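Peer 1: Just so you know, we're using our numbering here: the sequence shown kicks off at 653 and counts up by one.
The C-beta atom is built at its ideal place from N, Cα and C for all residues, glycine as well.
All values derive from a computational prediction rather than experimental measurement.
Quick one: this structure, given as structure tokens, is what I'll be asking you about.
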Amino acid sequence: MWLGLMIGNSRLHWGLFVGEGLCCAWDTSYLSADVVRQLAGCRTVEDLRSVINYTRSFPAPLPKGGWGVEMCDNYKENWDENLQSLISPLPLVLASVVPSETAVWQSYLNVRIATLNNVPLSGLYPTLGIDRALALWGAGQVWGFPMLVIDAGTALTFTGADCNDNLVGGAILPGLGLQFATLAGKTGQLPSVDLPEQLPRRYAVNTQEAMQSGVIYTLLAGIKDFVAAWWQDFPESNVAITGGDRTLLINYLQSQFPKIANSLIVEPNLIFLGMRSLTLH
Ligand SMILES: Nc1ncnc2c1ncn2[C@@H]1O[C@H](COP(=O)(O)OP(=O)(O)OP(=O)(O)O)[C@@H](O)[C@H]1O
Ligand SMILES: CC(C)(CO)[C@@H](O)C(=O)NCCC(=O)O
Ligand SMILES: [K+]
């Protein structure tokens with residue numbers, strides 16, 4: 653058993669693995685050095701539950717279906733044994749796009765840090781985010797290359813590779829939350845605005861809806877344009893979407909560009925699908 657940890661720009665993303673099988677995945681806020689020490693002392697899954705799970709309930713194993721099947725069966729079969737026999741500290745594979753948060757984990761004795769060198773894609777440039785590389789590698793492993801990944805997180809990124817597992821490139825822009833936060837934070841009159849569940853009307857007659865319309869319709873048009881351009885170059889390619897805002901975005905896309913929405917692979921765990929097939933643990 654081992655833990656995968658992706659340190660994102662807003663929060664931590666966790667995966668619990670048996671071998672290459674992803675058993676469950678969940679998110680927490682950043683952890684203090686004290687909690688990191690407690691985590692290193694965990695001897696059972698119950699301990700883990702009580703330490704990492706103070707922000708939200710520990711998740712059930714992934715539902716049956718798709719790539720989860722074998723892993724969950726394997727996991728259940730060995731569940732009792734696994735509960736008793738956690739290696740302590742549990743091996744941790746860490747990937748981070750937030751160097752200051754990585755430092756907290758240096759004290760954890762059984763940690764391997766995933767870097768671009770561990771990702772078997774070619775053509776990676778040295779400053780490419782490890783989250784982008786892992787998500788692209790994970791998606792390509794499961795659904796094949798060429799592949800374009802849209803990660804709708806704090807930043808929204810497009811990252812694509814061709815049929816030779818070679819990075820074509822991509823783009824980075826402020827994610828939905830960041831666009832609203834910037835508008836509210838850098839202007840004198842604009843309020844904080846929540847993301848609406850449904851696509852708002854385009855022509856707004858109040859401030860909140862005007863901000864929602866502006867940010868969302870422009871982002872949808874941008875996504876459509878990037879995906880269309882990608883399909884011109886790689887007509888057979890799959891396109892996958894992940895990240896904390898994926899569900900909202902899919903809802904909006906469904907209303908505005910249903911053909912694109914229906915052709916996207918929606919997968920919250922792309923980064924962990926990439927992490928499980930690195931050759932470092
Ligand atoms: N509980 C939550 N905490 C923070 N963001 C959340 C939460 N639930 C949904 N979100 C949405 O997820 C987005 C952040 O996405 P995600 O969690 O993938 O970002 P991240 O931690 O920065 O990871 P990455 O760096 O990989 O993008 C925010 O824009 C927000 O709207
Ligand atoms: C773009 C983000 C912030 C997305 O999480 C991250 O992947 C990152 O910090 N990347 C480094 C720059 C790059 O990917 O070119
Ligand atoms: K981010």
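For a quick check, are the C-beta atoms of Asn802 and Ile659 less than 7 Å apart?
Peer 2: Checking the sequence, you will find Ile at residue 802 rather than Asn. No, Cβ-Cβ distance for Ile802 and Ile659 is not below 7 Å.
Peer 1: With a CB to CB cut of under 8 Å and the five nearest residues on each side skipped, what residues in its chain are close to Ser759?
Peer 2: Same-chain partners within the cutoff: Ala685, Val688, Arg689, Ala692.
Peer 1: Within 10 angstroms of its Cβ, does Ile739 collect 16 or more other Cβ (buried), or is it exposed?
Peer 2: Exposed, by the Cβ-count rule.
Peer 1: Looking only at its chain, what residues have a beta carbon closer than 6 Å to the beta carbon of Pro826, apart from the 5 residues adjacent to it on each side?
Peer 2: Nothing listed; no residue qualifies.
Peer 1: Kindly give me the distance between the Cβ atoms of Leu842 and Ala836, rounded to whole angstroms, as I take these residues to be in contact under 8 Å.
Peer 2: Confirmed, Cβ separation roughly 5 Å.
Peer 1: Let me check understanding here. Comparing Cα to Cα, which of Arg695, Leu700, Glu672, Gly671 lies closest to Trp966?
Peer 2: The structure shown does not extend to residue 966, since the chain is modelled only from 653 to 933, so the question has no answer here.
Peer 1: Residues bridged to Ile824 by DSSP?
Peer 2: Ile824 pairs with Thr809.
Peer 1: When you get a sec, list the residues whose CB is within less than 6 Å of any heavy atom of ligand 2, chain order please.
Peer 2: This selection yields Asn661, Val749, Thr779, Leu780, Gly781, Asp783, Arg784, Gly805, Ala807, Thr809, Ile824.
Peer 1: Taking all protein chains shown into account, decide if Gln850 is buried (16 or more other Cβ within 10 angstroms of its Cβ) or exposed.
Peer 2: Gln850 is exposed by the Cβ-count criterion.
Peer 1: Using a 10 Å radius around the Cβ and a threshold of 16 neighbouring Cβ atoms, would you call Cys675 buried or exposed?
Peer 2: It is buried - the Cβ of Cys675 has at least 16 other Cβ atoms within 10 Å.
Peer 1: From Trp757 to Ala856, what distance separates their C-alpha atoms?
Peer 2: Their Cα atoms are separated by approximately 47 Å.
Peer 1: Give the secondary structure of Val918 by DSSP, where H, G and I count as helix, E and B as strand, and everything else as coil.
Peer 2: DSSP places Val918 in strand when its eight states are reduced to three.
Peer 1: Determine the direct distance from the alpha carbon of Thr809 to that of Leu925, and round the result to whole angstroms.
Peer 2: Approximately 18 Å, taken between the alpha carbons.
Peer 1: Less than 6 Å between the CB of Arg853 and some heavy atom of ligand 1, yes or no?
Peer 2: No.
Peer 1: Could you tell me the boundaries of the beta strand (DSSP E) in which Arg663 lies?
Peer 2: Segment: none, Arg663 is in no beta strand (DSSP E) and carries neither H nor E.
Peer 1: Between Leu900 and the rest of its own chain, which residues show a CB-CB distance below 6 Å, the 5 nearest in sequence each way excluded?
Peer 2: Closer than 6 Å at Cβ, skipping near neighbours: Leu847.
Peer 1: Verify whether the separation of the beta carbon atoms of Tyr904 and Ile875 is less than 7 Å.
Peer 2: The answer is no: Cβ separation not under 7 Å.
Peer 1: Once DSSP output is grouped into helix, strand and coil, what is the label at Arg784?
Peer 2: Here Arg784 sits in helix by DSSP.
Peer 1: Using the three-state DSSP reduction, which class does Arg764 fall into: helix, strand or coil?
Peer 2: If DSSP states are grouped into helix, strand and coil, Arg764 belongs with the strands.
Peer 1: How big is the Cα-Cα spacing for Leu916 and Gly822?
Peer 2: The alpha-carbon atoms of Leu916 and Gly822 are separated by roughly 17 Å.
Peer 1: Measuring from the CB of Asp846, is there a heavy atom of ligand 1 at a distance below 6 Å?
Peer 2: No, the Cβ of Asp846 stays beyond 6 Å of every heavy atom of ligand 1.
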